[in-house]
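Numbering of the sequence shown is given in the numbering used here, commencing with residue 56 and proceeding in unit increments.
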Amino acid sequence: MSSSFFFRAILGFVLMLSAAAQTVAPASTSIPTQIPGQNAILMGAAWYPEQWPEARWEEDLRLMEASGLKVVRVAEFAWSRMEPSEGHYDFDWLERAINLAGKHHIVSVLGTPTATPPAWLTQKYPDTLRVEHDGQRVTHGNRAHASASSPRYRELCRGIAEKMAERFGHNPNVVGWQIDNEYGYALMSYDEGTRQQFQDWLQAKYKTLDNLNAHWTTAYWSQTYDNWREIPIPVGGHNPGLMLEWKRFVTYIWTGYQQNQIDAIRKYADARQFITGNLMGFFDGFDHYPITEALTFASWDDYVGTGHVDPAYNGLAHDLTRGFKRQNFWVMETQPGAVNWSSLNNFLNRGEARAMAWQAVGHGADDVNYWQWRSALNGQEEIHGVLVGPDGTPVPFLDEVSQTAHEFAKVEESFRGTTPVSQVALLYSYDSHWAIQFQKHTEKYDDIAVLKSYYRALRQIAQSVDVVSAYAPLAGYKLVAAPSLNVLPKDLADHLLDYVRNGGHLVLGTRSGMKDEFNALLPQRQPGFLVDALGARVEQYYALEKNVPVSGAWGSGEASVWAEQLKSQAPADEVLLQYGKSNGWLDGQPAVITRAYGKGRITYVGALLDDKLMSAAAAWMTEKSGVTPVFGPVPEGVEVSRRLGEGKQVYILINYSAEAQRVTLPHAMNLALEGKRGDGVELAPYGVAVAVDK
Ligand code: GLA
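Shown next, in the form of structure tokens:
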């Protein structure tokens, strides 16, 4: 049976169960990513007026307006132009640029310029420069060279942010703010002051050294600390408890660094101006859930680099970003054809960027901005992709951007007040991700790839999946899967059990429930505090040298990379998959166990399954949990997304396959791009359709 036939069969079955997809509309039609007075979905570019003579600006903006661009992000690297010498500010040029953009119906997002402090600043205050872990201070002239933990640097950041907010906080053309740029990639300074802050932070958390020593088992290798000042910043491999706390401290530093600027802006800015930060998908420098808490909404920079868009991975990264605050988001930057920083900076195929822009919208983006409008004639990114060449005239790619921007404008109203709504959630945890990274056990275990294998299989059936923090409210989901929830302390176990007791279906994947919040082993063995509810535990885990056969209720196939030998301890347990002949230990042992618990169900999947088995697993999980697809069958290679609003459902269909595809709609809908009604669409390769059902 081919896998596409398999999917269609499953999908058909699920559809039969429920022809009408769920229609729980979002509570409110006003969402912070949609700016009052502006189109519901927008397109824009990063623009650097400070790099060009003022006489040129008008032409830039005229071209942008003609291309349908409605947003510029400005100033995020312009500190030396805004404060040319200490305490002397020059915002007149920026105000003229912003107001001129306004005349062209283009709104501005102001970036605080703290990723690039000026030379006078780092020269006068060398302590603002980061110290690398080899003790070297970084030199001026790149970016992200300042120390986020330096009190003096924070004071200087606050200064420039306040002055900007004083000047632009009421400017009607400024719709919002971006803090810093990509948060200095979360790079830290390893100076003495930072080390002391880390030690103080540990003291505030653990209160006594006895407590810390106990949780980190410092009796091991004579690590016992008698004085807070003895505790090092971990460099390279170290005590897993210390390493996890360092990551949390890094999160604390960047959250505080961000809050310092948010406070400065909020002091002056109109409440209508949003504050966001441009994150980077699965970048793991800090925990994104606390970082995004203080933001109006999350944004991210969506780059492909080498190769071409992988719709499943890119969709997953969008859904991760949407899950940070469980609401729509912006794509603050995306690739204008090619980048300059990858191993091979190939160009996206014609039509691919348009497909990507629509995919972003399908997954909940309300704005897509290209980085950048025009390349600076010199500087580190001279040969990055752009929309306008060094001569100031459009590159061929601008046509595609312009087409997409005009499409956004044409159908924007359909998207007002809409957002993706899912019945399935995947849980993501930075603690678990880091704990696995620190002790991979096999270099082949990639928890993001594991997440993606669940995502691909579940999304193919449900056609909408949320990715949320393990601590997020779960009551609204029919199915919750936690593919690698390694760190699973008691409070989190209680939260998950609550969900299951009330009727939810929780699926735990490999390596789940092994550690407590201190990254110490749970003596219950996996899945720790959930062993009793599952009625089973992991007897032994194995990093695999070669694939292991598995078979059972989901069919037969192979497990790779990781296999856990489960043991049932309760009669009500059901074994769904068993290992075949392998290393002797695994032979004939349970690989997947499920058990009804409370009003719900808990399932443990102890192996990484091949794609076909994963699809069968997803079919079983969704069927068992009553999950229904949001649209219905689509040909292989076509992605469907749905945004839900009051009284309307908007579907975005994108063909990523190399052949033209025909999609039959469940019933006649408005085909918004074509401006007609129909019950089917023809999609060329990279073709897009927007179907509005109301
Ligand atoms: C990042 C940065 C931008 C630019 C682009 C280039 O996303 O935020 O300033 O350097 O990469 O791809």
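Positions of the beta carbon are idealized from the N, C-alpha and C atoms, including for glycine.
Please read these numbers as outputs of a predicted model, since none were measured by experiment.
For His-560, write down the residues that DSSP places opposite it in a beta bridge.
As a working mapping, residue 560 is identified with position 505 in the sequence shown. Bridge partners of His-560 according to DSSP: Leu-534, Arg-656.
With a cut-off of 8 Å, do at least 3 Cβ pairs link the segment 553-569 to the segment 526-535?
yes
Nearest CA to the CA of Val-423: which residue from Ser-567, Gln-435, Phe-463, Ala-598?
For this step, residue 423 is matched to residue 368 along the sequence shown. Of the listed residues, the one whose Cα sits closest to Val-423 is Phe-463.
Does any heavy atom of the ligand GLA sit closer than 7 Å to the C-beta of Asn-433?
Counted from its first residue, the sequence shown places residue 433 at position 378. Checking the Cβ of Asn-433 against the ligand GLA gives no.
Drop a sphere of 10 angstroms on the beta-carbon of Pro-172, count the other beta-carbons inside from all chains shown, and report buried for 16 or more, exposed for fewer.
If you number the sequence shown from 1, residue 172 lands on position 117. The residue is buried, with at least 16 neighbouring Cβ atoms inside 10 Å.
Buried or exposed for Arg-151, please, with buried defined as at least 16 other CB atoms from any protein chain shown within 10 angstroms of its CB.
Against the sequence shown, residue 151 aligns to sequence position 96. It counts as exposed.
Taking the straight line between their C-alpha atoms, what separation do you get for Ser-611 and Val-647?
Your numbering for residue 611 matches position 556 in the sequence shown. Your numbering for residue 647 matches position 592 in the sequence shown. About 13 Å.
Tell me whether Glu-436, by its Cβ, gets closer than 7 Å to a heavy atom of the ligand COA.
Annotation note on the ligand COA: not contained in the displayed structure, which lists the ligand GLA as its ligands.
Identify every run of the beta strand (DSSP E) within the segment 98-154, keeping only runs that are complete inside it and at least 3 residues long; order them along the chain.
126-129
What is the C-beta distance between Tyr-483 and Val-522, in whole angstroms, given that I count them as a contact (C-beta under 8 Å)?
Start at 1 with the first residue of the sequence shown, and residue 483 comes out as number 428. Start at 1 with the first residue of the sequence shown, and residue 522 comes out as number 467. Yes, Tyr-483 and Val-522 are in contact; Cβ-Cβ is about 5 Å, under 8 Å.
For Phe-128, count neighbouring Cβ atoms within 10 angstroms of its own Cβ and tell me buried if that reaches 16, exposed if not.
Counted from its first residue, the sequence shown places residue 128 at position 73. A small correction: the amino acid at residue 128 is Arg; Phe does not occupy that position in the sequence shown. Classification of Arg-128: buried, given that the 10 Å Cβ count is 16 or more.
Mind checking which residues open and close the beta strand (DSSP E) that includes Ile-320?
For the purposes of this step, residue 320 is identified with residue 265 of the sequence shown, where counting begins at 1. Per DSSP, Ile-320 belongs to no beta strand (DSSP E); it is in the alpha helix (DSSP H), 295-323.
Tell me the DSSP secondary structure of Arg-381 in three-state form.
By 1-based counting over the sequence shown, the position of residue 381 is 326. Arg-381: coil per DSSP, three-state reduction.
Rounding to the nearest angstrom, what Cα-Cα distance links Gln-258 and Tyr-634 in this structure?
Against the sequence shown, residue 258 aligns to sequence position 203. Against the sequence shown, residue 634 aligns to sequence position 579. If you take the alpha carbons of Gln-258 and Tyr-634, they lie about 47 Å apart.
Does the beta-carbon of Trp-675, which I'm using as the reference point, lie nearer than 7 Å to any heavy atom of the ligand GLA?
Position 620 of the sequence shown holds residue 675. Answer for Trp-675: no, Cβ out of range of the ligand GLA.
Exposed or buried, what is Arg-111 when buried is set at 16 or more other beta-carbons lying within 10 Å of its beta-carbon?
Here residue 111 corresponds to residue number 56 of the sequence shown, with the count starting at 1. Under this definition Arg-111 is an exposed residue.
Buried or exposed for Val-290, going by 16 or more other Cβ atoms inside 10 Å?
Sequence index remark: in the sequence shown, residue 290 carries index 235 (1-based). Label assigned to Val-290: exposed.
What residue range is occupied by the uninterrupted beta strand (DSSP E) comprising Thr-620?
One-based indexing of the sequence shown puts residue 620 at position 565. Per the sequence shown, the amino acid found at residue 620 is Gln instead of Thr. Per DSSP, Gln-620 belongs to the beta strand (DSSP E) from 610-623.
Among Glu-729, Ala-739, Leu-738, whose alpha-carbon lies nearest the alpha-carbon of Val-747?
Here residue 747 refers to the residue found at position 692 of the sequence shown. Measuring from the Cα of Val-747, the nearest candidate turns out to be Glu-729.
Under 8 Å, with one C-beta from each stretch per pair, do the segment 405-418 and the segment 379-394 reach the 3-pair mark?
The answer is yes - the segment 379-394 touches the segment 405-418, with three or more Cβ pairs under 8 Å.
What residue range does the alpha helix (DSSP H) around Gly-214 cover?
Locating residue 214 in the sequence shown gives position 159, counting from the first residue. Here the alpha helix (DSSP H) through Gly-214 covers 206-223.
Taking only three categories from DSSP, how would you classify His-270?
Taking the sequence shown and counting its residues from 1, the one referred to as residue 270 is at position 215. Here His-270 sits in helix by DSSP.
Quick check on Ala-327: buried or exposed, where buried means 16 or more other Cβ atoms within 10 Å of its Cβ?
To locate residue 327, count along the sequence shown from 1; it is residue 272. Note on residue identity: the sequence assigns Arg, not Ala, to residue 327. Arg-327 comes out exposed.
Give me the Cα-Cα distance between Phe-329 and His-188, rounded to the nearest whole angstrom.
In the sequence shown, counting from the first residue as 1, residue 329 sits at position 274. In the sequence shown, counting from the first residue as 1, residue 188 sits at position 133. Going from the Cα of Phe-329 to the Cα of His-188 covers about 36 Å.
Using the three-state DSSP reduction, which class does Gly-370 fall into: helix, strand or coil?
By 1-based counting over the sequence shown, the position of residue 370 is 315. Reduced to three states, the DSSP call for Gly-370 is helix.
Does the separation of the CB atoms of Tyr-510 and Leu-481 fall below 8 Å?
In the sequence shown, counting from the first residue as 1, residue 510 sits at position 455. In the sequence shown, counting from the first residue as 1, residue 481 sits at position 426. It is a contact, given that the beta carbons lie within the stated cut-off.
Tell me, please, which residues DSSP counts as bridged to Leu-708.
Numbered from its first residue, the sequence shown carries residue 708 at position 653. Per DSSP, Val-695, Ala-744.
Could you give the DSSP three-state label for Pro-287: helix, strand or coil?
Translated into the one-based positions of the sequence shown, residue 287 becomes position 232. Of the three classes helix, strand and coil, the one that applies to Pro-287 here is coil, per DSSP.
In three-state terms, what does DSSP make of Gln-595?
Against the sequence shown, residue 595 aligns to sequence position 540. In this structure, Gln-595 counts as strand in the three-state DSSP scheme.
Does any heavy atom of the ligand GLA sit closer than 7 Å to the C-beta of Asp-235?
For this step, residue 235 is matched to residue 180 along the sequence shown. Asp-235 Cβ: outside cutoff for every heavy atom of the ligand GLA.
According to DSSP, is Leu-242 part of a helix, a strand, or is it coil?
As a first step, residue 242 is located in the sequence shown; it is residue number 187 there, counting from the start. The answer is coil: DSSP assigns Leu-242 none of H, G, I, E or B.
Which residues does DSSP pair with Asn-794 in a beta bridge?
With the chain covering only 56 through 749, there is no way to say anything about residue 794.
Would you report the Cα separation of Arg-377 and Glu-629, rounded to the nearest angstrom?
Here residue 377 refers to the residue found at position 322 of the sequence shown. Here residue 629 refers to the residue found at position 574 of the sequence shown. Using only the alpha carbons, I get a separation of about 35 Å.
Please return the same chain residues whose Cβ sits closer than 8 Å to the Cβ of Glu-455, not counting the five positions on each side in sequence.
Numbered from 1 along the sequence shown, position 400 holds the residue referred to as residue 455. Arg-405, Gly-406, Ala-408, Arg-409, listed in sequence order.
I want to check one thing, is the minimum distance from the CB of Asn-197 to the heavy atoms of the ligand GLA below 7 Å?
Within the sequence shown, numbered from 1, the residue matching residue 197 stands at position 142. Asn-197: no, Cβ never under 7 Å from the ligand GLA.
Taking C-beta to C-beta, are Ala-319 and Glu-217 nearer than 8 Å?
Taking the first residue of the sequence shown as position 1, residue 319 is located at position 264. Taking the first residue of the sequence shown as position 1, residue 217 is located at position 162. Yes; because the gap between Cβ atoms is below 8 Å, this pair is in contact.
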